[in-house]
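K.L.:
Have a look at this one before I ask anything.
Residue numbers (my numbering): 2 to 365.
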């Protein structure tokens, strides 16, 4: 489980080469109806303000999600102590969270097609903010944007099956499986490790988790600019190498204060790793497959976020909490290997998809 804070790549939406159909309709409807804009602002300015509001609403939603995700590691030692649980038993908490992610991933594309993006919020303040921000993202606009692709005939059939014909989908799923698992295992067990291995105070141990997530938020905000300049594939490899170096230092240095600083740096360099995977995947797949593909790979990521921390709990039960530092090092290295394979892919076309649709049109 991960905090999906929007990186700086998101700001490029304001000047995207490929216009958003929703924004076009919003601007056209304002022009056609002669909608008055405040202070003489043009319709395009109003659209930019609407988009900025949508970005802010999404960031608020992800921040709320982050508060929940980051709390698991902080309360894990207290759950273990209060209920007198073993490391294996308390690690079962990681297996429960992804259930909601998996269910949502299977339903998200159908929800978008039926209700539009304005229906993508369902919790109190988030509901009010997201519905208000995405009110103009109706189902008709969403379906029209999907129909503009040459590959679209049967919406449900294409979006549920065509994504599995691309190697990019499977490699990205494997990448998220390892990366999200590493991220969740790090945040989930760092507090316990600091308390039981580094002799840290509860405050300092909690600070290691907070520093990790704060570093990740800042990294996604700042390193996004560096990623744009270097290139997402090369930059991500560089971030992984830095992460491995930091984890080696974390394994050999026993100071609690230094460990907190290293965790903050680790979060900083790992910040862009999840958005980078989404960026590469969307570049490799046709536009009408993006929602289904991202939902699928994200759900696989949550599976990794459940089982890898649970696996660490099983190992810790047998070998002690000290193996945590080596476990996250190995997991990060595995994620880097998968990234190498994923980043080498180039965009390909699947002729069989179009051919099969044409055959259906002719009743073959």
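Glycine residues also receive a C-beta, built at the ideal position from the N, C-alpha and C atoms.
1. Can you name, in chain order, every residue of its own chain whose Cβ lies under 7 Å from the Cβ of residue 74, other than the five neighbours on each side?
2. Beta-carbon within less than 7 Å of residue 320's beta-carbon, same chain only, minus the 5 sequence neighbours each way: which residues are those?
3. Please check the pair residue 266 and residue 242, which I expect to be a contact at CB under 8 Å, by giving their CB distance rounded to whole angstroms.
4. Please check the pair residue 92 and residue 328, which I expect to be a contact at CB under 8 Å, by giving their CB distance rounded to whole angstroms.
5. Excluding the five sequence neighbours on either side, which residues of its own chain have a C-beta within less than 6 Å of the C-beta of residue 228, listed in chain order?
6. Pull up the CB-CB distance for residue 275 and residue 180, whole angstroms please, since I reckon it's below 8 Å.
7. State whether the segment 248-263 contacts the segment 198-207, with contact taken as three or more CB pairs (one from each stretch) at a distance under 8 Å.
8. Return the CA-CA distance between residue 3 and residue 264, expressed in angstroms with no decimal places.
9. I believe residue 1 touches residue 170 by the beta-carbon criterion, under 8 Å. Please report the beta-carbon distance rounded to the nearest angstrom.
10. In or out: residue 313 buried (at least 16 other Cβ within 10 Å) or exposed?
11. For the alpha helix (DSSP H) containing residue 191, list its first residue and its last residue.
12. So the alpha helix (DSSP H) residue 165 belongs to, where does it begin and stop?
13. Do you know offhand how far residue 49's Cα is from residue 55's?
14. Helix, strand or coil: which one does DSSP assign to residue 209?
15. Assuming residue 290 and residue 164 make a contact with CB atoms under 8 Å, what is their CB distance in whole Å?
16. Ends of the alpha helix (DSSP H) at residue 289?
17. Terminal residues of the continuous alpha helix (DSSP H) containing residue 257?
18. Please state if the CB of residue 217 and the CB of residue 177 are separated by a distance shorter than 8 Å.
19. Would you mind sorting residue 226 into buried or exposed? The rule is 16 or more other CB atoms within 10 Å of its CB.
20. Taking its Cβ as the centre, do 16 or more other Cβ atoms sit within 10 Å of residue 361, making it buried, or is it exposed?
21. What's the gap between the Cα of residue 84 and the Cα of residue 77?
22. Less than 8 Å separating the beta-carbons of residue 306 and residue 182?
23. Please state whether the Cβ-Cβ distance between residue 343 and residue 172 is less than 8 Å.
24. Buried or exposed, going by whether 16 or more other CB atoms sit within 10 Å of the CB of residue 221?
25. For residue 201, which of helix, strand or coil comes out of DSSP?
P.N.:
According to the structure data:
1. 188, 189, 190, 191, 192, 210
2. none
3. Actually they do not touch by this definition, with Cβ atoms about 13 Å apart.
4. That belief does not hold up - the Cβ atoms of residue 92 and residue 328 are roughly 12 Å apart, past 8 Å.
5. 236, 273
6. 7 Å
7. Counting Cβ pairs under 8 Å, three or more are found: they touch.
8. With a pLDDT of 44 at residue 3, under the threshold of 50, the modelled position of that residue is not reliable, and the figure given next carries that caveat. Taking the straight line joining both Cα atoms gives about 16 Å.
9. Shown here, the chain extends from 2 to 365; a query on residue 1 therefore has no answer.
10. Answer is buried; the Cβ neighbour count reaches 16.
11. It spans 168-197 - the alpha helix (DSSP H) in which residue 191 sits, taken as one unbroken run.
12. Unbroken run through residue 165: none, as it is neither H nor E.
13. 10 Å
14. helix
15. Right, their Cβ atoms sit about 5 Å apart.
16. Run containing residue 289: none; DSSP gives neither H nor E here.
17. 257-271
18. no
19. exposed
20. With a pLDDT of only 41 at residue 361, under 50, the local geometry of the prediction cannot be trusted, and the value read off the model is given with reservation. By the neighbour-count rule (16 or more Cβ atoms within 10 Å), residue 361 is not buried but exposed.
21. 11 Å
22. yes
23. Cβ distance < 8 Å, so residue 343 and residue 172 count as in contact.
24. buried
25. coil
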